[in-house]
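Here is the structure we will look at.
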Amino acid sequence: MRILLIGAGGVGGAFAAIAARRDFFETIVIADYDEAKAERAAAADERYAAARVDASSVDSVAALCREHDITHVMNAVDPVFNMSIFGGAFAAGADYLDMAMSLSKPHPTAPYEKTGVKLGDEQFALAERWEGAGRLALVGIGVEPGLSDVFARYAADHLFSEIDELGTRDGANLVVTDDDGQEIFAPSFSMWTTIEECLNPPVIWQDGDWHTTPPFSEPEVFDFPEGIGPVECVNVEHEEVLLMPRWIECRRATFKYGLGDEFINILKVLHTLGLDSTEKVRVKAVEVSPRDVVAAVLPDPATVGPRMTGKTCAGLWVTGKGKDGEPRSTYLYHVVDNEWTMREYGHQCVVWQTAINPVVALELLARGTWTGAGVLGPEAFDAVPFLDLLTEYGSPWGMEER
Numbered sequence: 017m018r019i020l021l022i023g024a025g026g027v028g029g030a031f032a033a034i035a036a037r038r039d040f041f042e043t044i045v046i047a048d049y050d051e052a053k054a055e056r057a058a059a060a061d062e063r064y065a066a067a068r069v070d071a072s073s074v075d076s077v078a079a080l081c082r083e084h085d086i087t088h089v090m091n092a093v094d095p096v097f098n099m100s101i102f103g104g105a106f107a108a109g110a111d112y113l114d115m116a117m118s119l120s121k122p123h124p125t126a127p128y129e130k131t132g133v134k135l136g137d138e139q140f141a142l143a144e145r146w147e148g149a150g151r152l153a154l155v156g157i158g159v160e161p162g163l164s165d166v167f168a169r170y171a172a173d174h175l176f177s178e179i180d181e182l183g184t185r186d187g188a189n190l191v192v193t194d195d196d197g198q199e200i201f202a203p204s205f206s207m208w209t210t211i212e213e214c215l216n217p218p219v220i221w222q223d224g225d226w227h228t229t230p231p232f233s234e235p236e237v238f239d240f241p242e243g244i245g246p247v248e249c250v251n252v253e254h255e256e257v258l259l260m261p262r263w264i265e266c267r268r269a270t271f272k273y274g275l276g277d278e279f280i281n282i283l284k285v286l287h288t289l290g291l292d293s294t295e296k297v298r299v300k301a302v303e304v305s306p307r308d309v310v311a312a313v314l315p316d317p318a319t320v321g322p323r324m325t326g327k328t329c330a331g332l333w334v335t336g337k338g339k340d341g342e343p344r345s346t347y348l349y350h351v352v353d354n355e356w357t358m359r360e361y362g363h364q365c366v367v368w369q370t371a372i373n374p375v376v377a378l379e380l381l382a383r384g385t386w387t388g389a390g391v392l393g394p395e396a397f398d399a400v401p402f403l404d405l406l407t408e409y410g411s412p413w414g415m416e417e418r
């Protein structure tokens, strides 16, 4: 297996650190627009090489694949580049993986009731082309989406006879402080992507169809395990809701994220001021996207690990009937402590938790344990080998009856 990793930011760097401990691949070419950043990530292992890539160019991605005889392209950049990387991998005859799917566009007249272009629609529109070529595009294989979708497959196969709701619930008790020990606002993941998913109309699967609601709707307090405790969660647009119902029968699918009042208020203000826009505006002699400016002035998520404390939890709350036909309510989850990931890998817990899942998936593909062609989500594969290998990596998952 010869992997092209596009993106050497927080998740890309963590991916490189995790993969360096495994032997299922021949080489990983780490490519970034900033070649110096790629070189720093590539220093983690002698099997790695660094390169420069223009992720917005199909031709640039395809040329790099051909130059290095790439078999698998791993997309670790913001999803605005998905379709060019997706297209470049296909043009070069390589398989493809990503952790966030092609972007959505709200319904033009009823954005908080009806779906427009949904997350992943552009990729699924090309599924027959990928299948016909015998190539695999494994989409949404981060932590959320990704591990949450693996949990859904496991629940359907081994725990439930009927599923009422597949409810992804994400929460944390992470705190970032400045040099004086004062808590500061510093998102632990890409601010560009966070704005995208939090301010778009959230999608809900209900009784055989998708519909939307206003951002931050249906607040609920969810009690997260392993000391995190109760966190208020709200509806957010996310890929699980678009992926799970394609392979798993359920009455309802939701995604709720524990943002907190401060974060929600900041996002609302950004939207009011137009600072969430991706359309470029002229500022004196320069054209710049307001959202890019917001992301640039905040701390880089890859750098906040040494000043971060706490744990993050990704999980899936499943309700319905168990295999015995009795009512069941089960939370399948994965908790990661920032102190542990910083000590063991030198990367903060949120990007590390995202990055470990595509490494596990690639190892299963290399072994031939997971096989397939077309545009497939994690639900299309057997969950047990994935969860077993995740535990072997030293990061076990958990399950609670509720």
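With this note's numbering applied, the sequence shown corresponds to residues 17 to 418, in that order. For every residue, glycine included, the Cβ atom is placed at its ideal position computed from N, Cα and C.
DSSP, reduced to helix, strand and coil, places L152 within a strand of the structure shown.
Annotated as proximal: L135 and E255, with beta-carbon spacing under 7 angstroms. Here the alpha carbon of T357 sits roughly 26 angstroms from the alpha carbon of M117. At the C-beta level, I22 and V69 come within 7 angstroms of one another.
For the pair I220 and E395, the CB atoms are not nearer than the 7 angstroms cut-off. The alpha carbon of V351 has as its nearest neighbour, out of M17, V376, L378, W413, the alpha carbon of W413. Setting aside the 5 residues that flank it on each side, V45 is surrounded in the same chain by L20, A65, A67, H84, each with a C-beta closer than 6 angstroms to its C-beta; the list follows chain order. If you ignore the 5 residues before and after G187, its C-beta comes within less than 7 angstroms of the C-beta of F238, F240, I244, V247, C249, G274, C329, all in its own chain and listed in chain order. Linking Y128 to F279 through their CA atoms gives a straight-line distance of about 21 angstroms.
For L291, the closest alpha carbon among the candidates I211, A36, G197 is that of I211. Boundaries for Y409: no beta strand (DSSP E) harbours it, and the DSSP string shows neither H nor E there. DSSP lists no beta-bridge partner residue for D292.
DSSP links F271 through a beta bridge to T184. A30 places its beta carbon less than 7 angstroms from that of W368.
DSSP, read as helix, strand or coil, puts P401 in helix. The secondary-structure analysis by DSSP pairs N216 with nothing; it has no beta-bridge partner. When DSSP assignments are scanned along the stretch 54-138, the uninterrupted stretches of beta strand (DSSP E) that are 3 or more residues long and fall wholly within it turn out to be 64-68, 88-91, 111-114. In this structure, A92 lies away from G158, with their beta-carbon atoms at least 7 angstroms apart. Counting the other CB atoms within 10 Å of its CB gives L289 a total below 16, which places it among the exposed residues. Beta-bridge partners of T193 (DSSP): E199. Judged by their CB atoms, M260 and L182 are nearer to each other than the 7 angstroms cut-off.
By the C-beta criterion, the stretch 298-313 is judged not to be in contact with the stretch 379-389, since fewer than 3 inter-stretch pairs fall below 8 angstroms. For D353, the uninterrupted beta strand (DSSP E) run begins and ends at 343-353, by DSSP. From the listed residues Q198, C214, G197, the smallest Cα separation to F205 is found for C214. Counting along the chain, D239 sits inside the beta strand (DSSP E) bounded by residues 236-240. Of A153, S120, A60, E147, the smallest CA-CA separation from A105 is found for A153. Within its own chain, the residues whose Cβ lies closer than 6 angstroms to the Cβ of A202, once the five positions on either side in sequence are excluded, are V192, P315, V320, listed in chain order. Per DSSP, the beta bridge partners of K327 are D353.
For S293, the closest of K300, L283, Y349 by C-alpha to C-alpha distance is L283. Distance check between G331 and each of D225, R383, A171, P217 places A171 closest, using alpha-carbon atoms only. The Cβ-Cβ distance between A78 and A54 does not fall below 7 angstroms. R262 and G393 do touch by the CB rule: their CB atoms are close to 7 angstroms apart, below 8 angstroms.
V297 sits in a strand when the DSSP states are folded into three classes. One alpha carbon belongs to E236, the other to V252, and they sit about 13 angstroms apart. Looking at the DSSP output, P161 shares a beta bridge with no other residue.
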